[in-house]
Structure formats: structure tokens, C-alpha cells
């Protein structure tokens, strides 16, 4: 491995509200290295990378590229210095082709018009050089999630990036797609590229990276050789305590059916069948997990069950009452607690306080009122109890939710839903993008509530380790259908799940009948 290609020295970033996101951070990246950057939510990882990529400006510190100090005021400066970033949420135009997306912003021109053939040629050259098996003329909307990620990586490569930031690159990939990605990252490393790998999946950090830099509360704790560290060592540095990476749970004792779904069909506004005959019963005292590549009906199922979307035909009931034609509020009154996939758009009101978010669905309940007025003293007691129980890092109960880190925003959502008294928990990607400590708390609570409080839980997650750890029964969805069902989640491997998710394997209706 050669010398340093990047050094960030004494970086301090303070936001206008006084929040110190980065405090005197120094770290470095070597040529041909894959470096892991880890830390809890709110530790400062995202802010530090935004400073590097020109999306934020630091108050102090300096950045050196190839041992030369550089000024990075915006993303164009970063790209000019050979720095590229692949964001967790893809920034692609679905209606355009791969080549059009790759060339967007650097369009080759011929006689004053966009030279599409040249864009295809440029894209094909990059794809062949780095072993990206992808057709430049395909529409992005027709690609798998793994292929979309390849397009994002090609976008930074074609702009000359030698330093590549990958933010949670495997969050939505199958094991097989993750294997492919890692092969390509190794190829990039061997060709002299240097990669900053941001991830909460510590087993992948150990597998693909040689060194790890750990941030906590805005400080850099240090950089460590990974061959000398275990996953437990890394998580202990991240959160300051031992983290249980495996969940020990008792065998379930399923009770009565809480949620009944029969022959559920949903046809979207474009006439596409996105839910195709889904049938499932969820019983009290069990956790049912759903795995699948994103875009195969999981989000639509969540929308139907929560009242955010309507269905075309079939039956859905919660605690014996049909949800057909009911509002979100009415469905919640039937017994639903809902942790949505998008916490900012559907899980909270960012400008409102932690207090108001936690009790947002309870103002009408008698215990929260004092005559015609709200019972402020009682509400404050409940909210303070939630802040303590769910370890929400905040100034106080009156702090606006938007001022919290992503992980703490998720804790606010989880605190509200887990203390709602509902007997059906619908958790859609409940730990996405949050650190191992917060994820441990959420997973253990889902399992505990099923065992101790006899809740029925539906866990939808792209994290295969999560669904395998938490679920009692486990289903796989593909193209709007349930294509596999396992009576015991602990009897199936991640690789086998991946084969069903990709359509390599499928089960017959008869094989699944006893499980559903």
C-alpha cells in the first residue's frame, strides 16, 4: 500500500444552533485502501463526509489531497480534486438510460446537441474496465437495486474520482449483490482507488476493509487495524458499552389471529399489479418477518396495512375489524402501531418538539386531558420517561425533532409506537441507517413485546441479519407475491434467502400453505 492520498486535519464543524458535529477530527486515507468509517448516529460521520465532498464548510481545519492542501467550498471543487460520493439514497433519473444518467452534467456534445452514442461509448468503456456487467442503453427504471448502485459508482468513476465515499452501500443489497459489489471494490482498490466505506454492518466492515476510523459524539477515537479487532471491539468503541449482537429469544407461543390478510391485490396508478394475491395471518405473540429486494411489494403492503394506501381487492382485518375504507387514525384505533420506512416524511413532524411528537396521537385520550385542556404535567412525565427508557440524546423534551440525529429521530418514533398500547406492530425498515446500539434496542424491544405483551409484529427489513434474528416465521416477497415461507427463521441462511429474493428459487403454494 502506498502513501496517503487524503488527510483531514483538525476539522471542526459547528452548526448555527451551536451544535458541534465535528470536534478537531483528524483522519487519513491511504492509496489503494478501503477504510471503514463507523460511529453511532450523530457521531459526525455524515457531517465529516459532507465537509470532504463540499456539501458543508468547516469552521476550522484543513484538507490535504496527495499531500497538497486544497480548498473545497462546494461539490465541484471536490470532484475537481478527484473525490466522488455515492449516497445511500440513489440520485438517478428512472426514465433515462444508464448512459444518460452517467453523462448527466458532463454531456458530450456534437454540433450543439447531446451526443448519445458518445455517452454510450463512454459508459461502456467504464463498465468494461471495472467489470460492471450492465447495458448502457437500459432504462434505470428497469434495473435491479444492485445494478442501480453500479450506475452510481460509474458516475463518480467517469468524473475521474480516485477517492470514493460509499455511504451505507449494502443497505438494500442481497448477499449475492453484496458479494458482487465487494469484488468490484477490490478491483477498484487494486487499480489505485481509495475508498471510504461508511456502514453499520460490522461483519462487512471486517470483511472488506483493512482499517477502521471510529467517531463518537463528534470526536475521533482513533484509527485501528481491523485484523486486530473483533466486531464486539468495534461496537464497544462506537457506543461506549458492550452491545449484544445476537438476540436470545424464547420459542413463540402464538395466540389468536390479530391480523388477517387474504388474496390481497393492489394495482397502482400505472396499471401495474404491485401486490398479487398476498395471504397471511399474524398471531399474538409472534414476529413475522418479510425479506425481499426493495421494490417487490413490501412498501405497498406496509402502505395498505397502515392506511397510507388503498387496495384493489382482497380482505384485510385487524383484531377482527376490516380496514377497508378506514383512515390512518381509524386503523390505529383498531390496534396498529406503525414504524414507517421514511421517518421524516411519515414518522414525525420535524418542526415540532419531541414532546409533541411522542403524544401526537394521544391528545384525545382521557388520561392526557384535564377537563377541556391537556394535562401538561402528566404528558411531561410520560415524555421524560420515554426519553430515559429509549435513551433519546437531546437537550430536553421541547427540542425540535429535526435538530436530532437520524438515530435519535428514529428513537422518538419508536418510543411513541412502542408505548401506544397497540397489539399489532408494523415495523418497516425500523433500524435502517442507525447505529448498532440503537438497532439492538429496537430489535430486542420488538421481540420482548411479542413474548411479554403478546403483540403481533410484522417486520419488513432489507437487513437479512435483522429478519433472521428477530423473526419467528419468515416470508420472502418478489414481484408482489410471497414466493417463500419458512416456519422457523433460524433454519434458513442469508444465502438461501438471497436466492429466493433474486428469483433463483421459488416455493409452490402447497409448500407455503402450512406456514402462511
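In the UniProt record's numbering, the protein residues as written are 1 to 516.
Glycine is no exception: its CB is placed at the ideal position from the N, C-alpha and C atoms.
Bear in mind that the values here come from a model prediction, so they are computed numbers and not experimental data.
Looking only at 294, 292, 301 and 318, the smallest Cα-Cα distance to residue 275 is reached by 301. Out of 63, 254, 38 and 42, the CA that lies nearest to the CA of residue 9 is found in 63. One Cα belongs to residue 465, the other to residue 444, and the distance between them is close to 14 Å. By DSSP's assignment, residue 30 forms a beta bridge with 4. Between residue 287 and residue 493 a beta carbon distance of about 19 Å is seen, past the 8 Å cut, so the two are scored as non-contacting. Across the set 111, 110, 117 and 91, the C-alpha of 117 shows the shortest separation from the C-alpha of residue 99.
Distances from the alpha-carbon of residue 429 to those of 339, 178 and 389 put 339 closest.
Taking 4 residues as the shortest admissible run, the stretch 206-266 contains the following complete alpha helix (DSSP H) segments, listed from N- to C-terminal end: 231-239.
Shown here, residue 510 sits in a helix according to DSSP, grouped into three states.
With respect to the C-alpha of residue 496, the residue from 475, 203 and 509 having the closest C-alpha is 475. Counted as a single uninterrupted DSSP element, the stretch harbouring residue 319 is not any alpha helix (DSSP H), since DSSP gives it neither H nor E. Note on residue 186: under 16 other CB atoms within 10 angstroms of its CB, so exposed under the neighbour-count rule.
The residue from 92, 13, 141 and 31 with its alpha-carbon nearest to that of residue 49 is 13.
A Cβ-Cβ distance of about 5 Å is found for the pair residue 167 and residue 198, placing them in contact under the 8 Å criterion. The shortest C-alpha to C-alpha distance from residue 329 to any of 307, 426 and 179 is the one to 307.
In its chain, beyond the 5 residues on either side, 99, 100, 102, 103, 107, 108 and 136 have a beta carbon closer than 8 Å to the beta carbon of residue 119. Between residue 348 and residue 413, the gap from beta carbon to beta carbon is short of 7 Å. Approximately 5 Å separates the beta-carbon atoms of residue 258 and residue 284; this is inside 8 Å, confirming the contact. Counting the other Cβ atoms within 10 Å of the Cβ of residue 22 gives 16 or more, which makes it buried. The shortest CA-to-CA distance from residue 341 to any of 79, 379, 419 and 434 is the one to 434. In this structure, residue 163 lies away from residue 61, with their beta-carbon atoms at least 7 Å apart. Here the alpha carbon of residue 481 sits roughly 24 Å from the alpha carbon of residue 326. With contacts defined as CB atoms closer than 7 Å, residue 293 and residue 145 qualify as a contacting pair. Boundaries of the beta strand (DSSP E) harbouring residue 281: 273-283, taken from the DSSP string. No Cβ-Cβ contact shorter than 7 Å links residue 512 with residue 290.
Here the C-alpha atom of residue 393 lies approximately 30 Å from the C-alpha atom of residue 173. Residue 97 sits in a strand when the DSSP states are folded into three classes. Beta-bridge analysis with DSSP links residue 313 to 265. In the DSSP assignment, the residues bridged to residue 481 are 478. Under the three-state reduction of DSSP, residue 113 is assigned to strand. For residue 85, there is no enclosing alpha helix (DSSP H); the residue is found in the beta strand (DSSP E) stretching over 83-86. The continuous beta strand (DSSP E) containing residue 291 extends over residues 287-291. Assignment of residue 144 by DSSP, reduced to helix, strand and coil, places it in the coil class.
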